[in-house]
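Chains as they are written, first to last, in our numbering: chain A, 37 to 852; chain B, 948 to 1451.
All C-beta atoms in this analysis are idealised placements derived from N, C-alpha and C, irrespective of residue type, glycine included.
Worksheet: the structure to be examined is printed underneath.
The structure is reproduced here in structure tokens:
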């Protein structure tokens, strides 16, 4: 970010009055930052890319804005003061925007435009469409990679006249980083190890443990599943079951394996088009199939072919391009330089997938393939794949030494793929029949044959042999195609289609991940930043277009975007870099001398209410109920009766919510069954999206109904009761119990006042349940988890009241 | 269970307020202002709404929207088409259909498009204009003809349920946009913080055909506290309202006090005003636990009122009970109430289905209007009745004089409004003799297109309906916007005309 040019701006910033258009000053107008947003928001409606009238003045390109319009120019770069635009925006008699226009200029905006025109009215490209460059902050030319984030942040702090906040205390930081990376507080042993480790490496070691935990992938996957709108049902009309959870499990696995992000994207967009695609690569294409679908009786297939494609194209825009494309479905974009034709060229990449437009209400909405049905099965699959390679290599070493191939065998061996070579190894009459590898191969193939029996189906992408024809649809109407058929193509404002790349989804992926693509890596690191620091650098993560917000730290965003790519699209390493920054480690306490409620300076650490899934997982984990099982069909924990039935079509196969039993009640929330027309109420209550459309940033509301959910929902009470049991059985004294409770939920001991408050509550409740032990008994009967009969019911119930309350308290439900 | 002790509660409430007032001072004025401001700010228009709203003096304080899901047959309920009687079984003329796309269900029907006159008798009721024809299916509603503004010329483009109902409720045919109720909540906030802003009820039906979706009352990209809250007839009226078994109201009080103490410490340590606001929400939840059961307890209603709604009113979950609950909600300042009644999708056996459906709603609908009037609330309560589309005049499946089915029909259908600033006792718009097209005074088809610049008088596109509802609630539909993905979205997209002709 450019340092502010005057104290005025800085004080605006510090006063929290900063907004995207306010950051300017008379002698320093930056077109992309200051002027373009004004033109876009106030002028482009008439004078923009979608101007209907051929004679209408256009202000969206330099060429058109400065053209000779019969003796005058709107922007006259040679004689700026004669610019017609200058006079019109200052005119009282004949003003622009017209007096009756919906959007008028503010004084500040008018002044900005005047200054810009007087300075020559030069145009520049919108920042997000210019490829990022990696420049170290001028102030810190010798900063190491590890110091860069803080150097950029500190530049702005200095301008605002403040310094970094204090570092959070060790236990707070431990909880924070653990929640950020794994979505759970640290295990007590790990916490103690870290707190007792006085070495310089303590924090790094702690972070490494978290990054290598399987919980990491589960937590990080959630963000991606929101973005791609993952659901376990089709979404429209009957909203029937859809079999696609192997995709979800693949995402978790890929993140845990730290698959480079360019491949992560490529597999999902076009895994099926890679040479000899692996099972994983094909399962990953579930991404392409994630659009909600219908099989409503009267629906017209051509209409839904178009609608499905709109959805996929626009989701690509939100998730990977940070741009809204919906406008261009019907007309050229009002603000961003994207034509309607380009929209349909982009859509053409998706128009040739093989599935029917209608889902047939089928779980196996074709094309589908068989895939492992949980994470354990995936692990075994990977082991078998590795074993295959090992056996083939081992066999290869035998060739020419112990094993001689005849001419025909040699020919076969040379051209065969993995499966072909394995069958040669397995052949009882083959050349390897007497070798160990033969026996080992038989064992492996038998194991595989056994394993695939438990495989389940998952929706995948497949290309039609003959592509469907794509044309522009007039006003987005499926039955009004116009013009010539279009070749698949990309948005030219974001760079050319890579030379030599195939004109299919694989080429699309190559374009997105190309070195000079201006947007994708920015969009992704912006969201990674948001996971770590609670808020993104671009406050409109769904919109990097002209109407979006300017980044608070543009140079930092660019540095991170380029570093991410240069560093092999390494997600874990990017997160590692971020959580090691001083910026991240600051205390999240609001600072008296920094009035920056939105934390645009990042002069304090992150603070926010945790997501729905995390709230549930923390409770399950603290009570010891959390099941370690990873992956598999979505699970159905407690839910008030009748919620699905009240909405569902009588013909729907998701009209009855049949609650699961046993271990399935305690799976991580990532695995909770996602019915798109009626997600679990504890999810929607805490701002989880419906997954019918893409969500790249959840809201964080604070409502009375959330209080009811936290204190009354069956699973919350069950967690409380089992957590109370844990406290009663694992700690000796009441004081120790309260400390254990806080160590679990807040990674620290209870304060004196917390201790007093909780023991006071326990005392009141003991008295109360002594008077009415029946109430104690019914309270302890809530939830399926077995009750420890050895405990005194009065004491157990009293502690349950306390644990339920503390589980709902801010030290437990906030990140800080 | 221990009975709550009101005196003790009040005392605790005062103590807590005192405590917060005192300690909050230590937090800096910004945080303090955040907490106190919400309590002390004069709020004639409710809390949590947008600055500058309402845009103009509202006519209606609340809207009660009776949503007939599935597509009620305008031809059998409202739109009297005597000429069809002579055309029984004849094909719908091509020039009437005029290339209208039809659903996949009847497009290739062997019988073609045979006309099905309504089997129901119509009688004419007095209203404040030329009178209102009403069907024998709705005898009670006929009795409030003088209060109704019946619009025959509602239309939409969507021809299937999911897109059509999503369209009329959110302004777009595909998921992702905020619902009408969410927009109202976003714009106007609430006038009663002890009850949800926006309440949705699902009334019982014998024919629960067609699905409903959370998105129909969802927040879309608006903040999720604007989503409709289901008021349920099964279990808690509001999800998670009741304390767990074995937990008394006093227990909860004690829990909340400890929770407040812990949160208070957190607030002092971190100074985040959000923490203080959460303490307030916990208290509001506690008050809601008292106000909601009171809301759904009809024991303070007079026998006459209950009788007016009919026997069903005593059965939670019926349309009648939902209507009375709606009136009680409106009375308590809830602005935004919607009752969904499914089962109007009569592709076959219309006689059986619609008669049952009409019986579900008729008496209670009339009672709601009368009740609101008696309570002096009708002037400021807008009642809307309608579905996502109408039904075809031609038959789907087997056709007799007595029974038939009808397919979806988007090109015209009947919606009515009452109270809340709408002219009572009038009808608006008309359809041709077939009930197929919106027509002009001479019966010629009008074929309006939704167009932001040109509105066809005598017609009401669903965007026009929504624009008009917002207008009556004091909102300029072109100005209630939310910027998402760089675009200022509105409920009516770039469309919508206020039907000034029907405003009182």
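Collapsed DSSP secondary structure at residue 595(A) in the structure displayed: Helix.
Under 8 Å by beta carbon: chain B residues contacting residue 790(A): Below the 8 Å Cβ cutoff, chain B contributes 1208, 1209 and 1212 as neighbours of residue 790(A), in chain order.
Residue from 269(A), 263(A) and 274(A) whose Cα sits closest to the Cα of residue 287(A): The candidate whose alpha carbon is nearest that of residue 287(A) is 263(A).
With 16 other Cβ atoms within 10 Å as the buried cut-off, status of residue 876(A): Missing from the structure shown is residue 876(A); chain A here goes from 37 to 852 and no further.
Reduced DSSP category for residue 2(A) - H, G, I as helix; E, B as strand; rest coil: A query on residue 2(A) cannot be resolved here, the shown segment of chain A reaching from 37 to 852 and no further.
Below-8 Å beta-carbon distance, residue 1125(B) vs any chain A residue: No, because no Cβ of chain A sits closer than 8 Å to the Cβ of residue 1125(B).
Beta-carbon neighbours of residue 804(A), restricted to chain B and to distances below 7 Å: Neighbours of residue 804(A) on chain B, chain order: 1198.
Assigned exposure category for residue 470(A) - 16 Cβ within 10 Å defines buried: Exposed is the call here.
Beta-carbon spacing of residue 710(A), residue 670(A) below 8 Å: Cβ atoms of residue 710(A) and residue 670(A): closer than 8 Å.
Span separating the alpha-carbon of residue 702(A) from that of residue 483(A): Whole-angstrom Cα-Cα distance: 30 Å.
Chain A contacts made by the segment 1096-1116 of chain B, where a contact means CB separation under 7 Å: Along the segment 1096-1116 of chain B, going in chain order, the ones with a CB nearer than 7 Å to a CB of chain A are 1106, 1107, 1108 and 1109.
For residue 1071(B): DSSP bridge partner residues: Answer is 1080(B), bridged to residue 1071(B).
CB contact check: residue 410(A) to chain B, cutoff 8 Å: Judged by the 8 Å Cβ criterion, residue 410(A) is not in contact with chain B.
Contact list for the segment 1433-1444 of chain B against chain A, Cβ threshold 8 Å: Against chain A - using a Cβ distance shorter than 8 Å - the residues of the segment 1433-1444 of chain B are 1433 and 1434.
CA nearest to the CA of residue 414(A), picked from 528(A), 475(A) and 281(A): Closest by alpha carbon: 281(A).
Start-end ranges of the beta strand (DSSP E) lying completely within the segment 1253-1338 of chain B, minimum 3 residues: With a minimum length of 3 residues, the continuous beta strand (DSSP E) runs that stay inside the segment 1253-1338 of chain B are 1283-1288 and 1328-1333.
Chain D contact residues for residue 579(A), given Cβ-Cβ distances below 7 Å: The structure shown contains no chain D; the protein chains it does contain are A and B.
Contiguous alpha helix (DSSP H) assignments of at least 4 residues, all confined to the segment 623-698 of chain A: Runs found: 648-659.
CB-CB length for residue 1384(B) against residue 1043(B), believed under 8 Å: Going by Cβ atoms, the distance from residue 1384(B) to residue 1043(B) rounds to 7 Å, so yes, they are a contact pair.
Local Cβ density within 10 Å of residue 1229(B), reported as buried at 16 or more and exposed below that: Buried: at least 16 other Cβ atoms inside 10 Å.
Proximity to residue 162(A) [Cα-Cα], best of 592(A), 74(A), 846(A) and 100(A): Residue 74(A) is the option with its Cα nearest to residue 162(A).
Run of the alpha helix (DSSP H) containing residue 363(A), from where it starts to where it stops: Element bounds for residue 363(A): 363-366.
Paired residues, beta bridge with residue 345(A) - DSSP: Answer is none; residue 345(A) lacks a bridge partner.
Reduced DSSP secondary structure (H/G/I, E/B, other) of residue 518(A): Three-state DSSP puts residue 518(A) in a strand.
Expected contact under 8 Å - CB spacing of residue 1305(B) and residue 1352(B) to nearest Å: Their Cβ separation, rounded to whole angstroms, is 16 Å, which puts residue 1305(B) and residue 1352(B) out of contact at 8 Å.
Test: residue 241(A) CB closer than 8 Å to a CB of chain B: Residue contact with chain B for residue 241(A): absent (no Cβ-Cβ distance below 8 Å to any residue of chain B).
At least three beta-carbon pairs within less than 8 Å, the segment 738-750 of chain A to the segment 1226-1245 of chain B: Because the criterion of three Cβ pairs below 8 Å is met, the segment 738-750 of chain A and the segment 1226-1245 of chain B touch.
Buried versus exposed call for residue 849(A) [16 or more other C-beta atoms within 10 Å across all chains shown]: Note on residue 849(A): 16 or more other CB atoms within 10 angstroms of its CB, so buried under the neighbour-count rule.
Rounded C-alpha distance that separates residue 1407(B) from residue 393(A): C-alpha separation (whole angstroms): 32 Å.
Interface flag, residue 1082(B) vs chain A, CB-CB below 8 Å: Judged by the 8 Å Cβ criterion, residue 1082(B) is not in contact with chain A.
8 Å contact criterion, which residue 582(A) and residue 72(A) should meet: CB distance rounded: The beta-carbon separation of residue 582(A) and residue 72(A), rounded to 6 Å, stays under the 8 Å limit for a contact.
Assigned secondary structure, residue 981(B) (DSSP; H/G/I helix, E/B strand, else coil): Only weak support exists for where residue 981(B) lies, its pLDDT of 36 falling under 50; the value from the coordinates is given anyway. DSSP, reduced to helix, strand and coil, places residue 981(B) within a helical segment of the structure shown.
Min CB distance residue 1014(B) to chain A below 8 Å: False, the Cβ-Cβ gap to chain A never drops below 8 Å.
Between the CA atoms of residue 360(A) and residue 1166(B) - distance to the nearest angstrom: So the alpha carbons of these two residues sit roughly 19 Å apart.
Stretch-stretch touch, CB-based, cutoff 8 Å, three pairs: the segment 675-688 of chain A with the segment 1179-1196 of chain B: In short, these stretches touch, since the Cβ pair count reaches three.
Residues that residue 1156(B) contacts on chain A, provided the C-beta gap is smaller than 9 Å: Those are 685, 686 and 687, listed as they occur along chain A.
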